[in-house]
Amino acid sequence: MFQRYPTKKKVLYSLIILSFIVMETPLILLANTTEPFVLGMPFFLFWNLLWWFVLTALFLIGYLINWGSKESSETVTDES
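Using this note's numbering, the letters of the sequence shown correspond one by one to residues 8 to 87.
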């Protein structure tokens, strides 16, 4: 009934969920300041871009590890 995931997948899924939580919950209001400039951007903009890059990297890692492999994708065959 329950599928067991390898440790790499658990870590990857946990990091993706954590990244979404950091970006989409009221935690983002902690970074809603303009005064510390990072790389010439207000901190709030830097915070958003940083987490988007983290999420992009995590999705790329997930694709390269499992989602993009031929074993994980099932081909649909017409049995008629």
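Glycine is no exception: its CB is placed at the ideal position from the N, C-alpha and C atoms.
Every value quoted in this text rests on a predicted model; they were computed, and no experiment measured them.
query: In terms of DSSP beta bridges, what is residue 18 paired with?
result: Answer is none; residue 18 lacks a bridge partner.
field: For residue 33, the three-state DSSP class (helix, strand or coil)
entry: helix
query: Residues bridged to residue 49 by DSSP?
result: 44
message: My output table needs one value for residue 73: the three-state DSSP class, helix, strand or coil.
response: helix
- prompt: Among 35, 51 and 55, which residue has its Cα nearest to the Cα of residue 42?
  reply: 51
- prompt: Quick one: Cα of residue 13 to Cα of residue 47, how far?
  reply: 41 Å
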